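S.K.:
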Amino acid sequence: MALSISCKNDETNPTIKYSDLVGTWMGSGNSFTISSSGYVNFTYEGTTYDNLILDNMDYEFIEGAVSSFNSGYSDTIPNYVEGNTRKQAIFYFHSSSSCTVTIREEKYSGTLPNGSWQTQNTISVGNFTK
Numbered sequence: 012m013a014l015s016i017s018c019k020n021d022e023t024n025p026t027i028k029y030s031d032l033v034g035t036w037m038g039s040g041n042s043f044t045i046s047s048s049g050y051v052n053f054t055y056e057g058t059t060y061d062n063l064i065l066d067n068m069d070y071e072f073i074e075g076a077v078s079s080f081n082s083g084y085s086d087t088i089p090n091y092v093e094g095n096t097r098k099q100a101i102f103y104f105h106s107s108s109s110c111t112v113t114i115r116e117e118k119y120s121g122t123l124p125n126g127s128w129q130t131q132n133t134i135s136v137g138n139f140t141k
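My numbering puts the first residue of the sequence shown at 12, with every later residue one more than the last.
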């Protein structure tokens, strides 16, 4: 008689809570901080930015799946007028300790309600760890 025992690993698809992302992230000569309230704080090209990106700290995502957050910022308040510019910081979290950040420079084209933001340039800020 053959006996077979099988164990299921509950960590096959581990999840990460947004609260696991809280702290200071370092990399590429830069850093950013995520507060326990879900705000991200960083400085890029002399402009300091502080805005809410995580609104539910109990929310979970699967580790290995990329969870991304777009965070618009500008040294002026962008409005929807032809030719105005803004920047978007995109945070790609690969795990609770690995993140890639890019900056997207955009220009507004058209007029409301039919205008839209057009990407002009994408800049890799680098890889970050916590």
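Every residue gets a Cβ at the ideal spot worked out from N, C-alpha and C, and that includes glycine.
Keep in mind the model is a prediction, meaning the values are calculated, not measured.
I'd like to check one pair, I45 with L63: are the Cβ atoms closer than 7 Å?
M.R.: It is not a contact, given that the beta carbons lie outside the stated cut-off.
S.K.: How many angstroms separate the CA atom of G34 from the CA atom of T140?
M.R.: About 10 Å.
S.K.: Quick one: what's got a C-beta closer than 8 Å to T130's C-beta in the same chain, skipping five residues either side?
M.R.: Answer for T130: R115, E116, E117, listed in chain order.
S.K.: Check the DSSP bridge columns for N138 and list the partner residues they point to.
M.R.: Per DSSP, T111.
S.K.: Of the residues N138, I27, L123, which one's Cα is nearest the Cα of D69?
M.R.: Of N138, I27, L123, the residue nearest in Cα terms is I27.
S.K.: Cβ of G49 within 7 Å of Cβ of G137?
M.R.: Not closer than 7 Å, so no.
S.K.: Does DSSP classify D61 as helix, strand or coil?
M.R.: In this structure, D61 counts as strand in the three-state DSSP scheme.
S.K.: CA-CA distance, R97 and P25?
M.R.: Whole-angstrom Cα-Cα distance: 36 Å.
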